[in-house]
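So the structure is just underneath, and the comments pick up after that.
In the numbering used here, the protein residues as written are 228 to 445.
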């Protein structure tokens, strides 16, 4: 890949079922990302930085994300279903009551969360100039184990509403009951900073092609 392209925070583009809203302006038409005042969220290629509305849309569309935590200097990465709560400017997720995520957050609440997708490969006349279409979001914030039962139920219901929007509590399934809240852990990431980045070329980019999906070994 071209060093000039610096692929990150992650891949997207056309035909990827990706994060980008259908009618977004191209990155070069956008102004400076107003989250970049936080150094963690600064994007090196400013022409590929995306604004807050695009980032919110990406977080609403991405099917899952990756949570990074740290323990004694060792990074850990987990994939998670999640829901972005625009009212609280937070991300909700849940896991088992005991495990690496909980242990790490008890020791250090700093987290990073990312979503990404990949588009077409972009061939070139020189090997080091090959590139790729991509789009991604990186979030920085503080992760919390939610203990309040009302808040836990809220987070879980937001997740259910996102992933099963056609099913309603009380009609299609029994609503959450207090006893069940004791069996799971709910986490909330309070967002402090974020950045979005995308590279997308014209549909007629010479030789552009989609990498076949080899399927995941279940």
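The beta carbon of each residue, even a glycine, is placed where N, CA and C say it ideally should be.
Could you compute how far the alpha carbon of residue i sits from the alpha carbon of residue j?
i	j	result
residue 411	residue 341	23 angstroms
residue 359	residue 401	45 angstroms
residue 441	residue 279	33 angstroms
residue 427	residue 377	42 angstroms
residue 409	residue 382	14 angstroms
residue 319	residue 334	19 angstroms
residue 256	residue 435	Unreliable positioning characterises residue 256 in this predicted model, as indicated by a pLDDT of 39, which lies under 50. The coordinate reading is nonetheless provided below. Each residue's Cα considered, the two are about 23 angstroms apart.
residue 356	residue 387	44 angstroms
residue 345	residue 364	12 angstroms
residue 374	residue 295	21 angstroms
residue 437	residue 406	48 angstroms
residue 385	residue 443	28 angstroms
residue 439	residue 347	10 angstroms
residue 420	residue 306	20 angstroms
Mind checking who residue i pairs with in its DSSP beta bridge?
i	result
residue 456	The displayed coordinates of the chain run from 228 to 445. Any statement about residue 456 would go beyond what the structure contains.
residue 292	307
residue 301	298
residue 359	348
residue 438	Partner(s): none; residue 438 has no beta bridge.
residue 372	414
residue 337	369
Just checking my contact of residue i with residue j at CB under 8 angstroms: how many whole Å lie between their CB atoms?
i	j	result
residue 423	residue 291	Residue 423 to residue 291, Cβ: 17 angstroms. No contact.
residue 285	residue 362	7 angstroms
residue 414	residue 316	Not a contact, Cβ separation roughly 15 angstroms.
residue 372	residue 327	Incorrect: roughly 13 angstroms between the Cβ atoms, too far for contact.
residue 283	residue 313	6 angstroms
residue 432	residue 349	6 angstroms
Under 8 angstroms between the Cβ atoms of residue i and residue j?
i	j	result
residue 338	residue 370	yes
residue 368	residue 416	yes
residue 297	residue 331	yes
residue 308	residue 293	no
residue 310	residue 395	no
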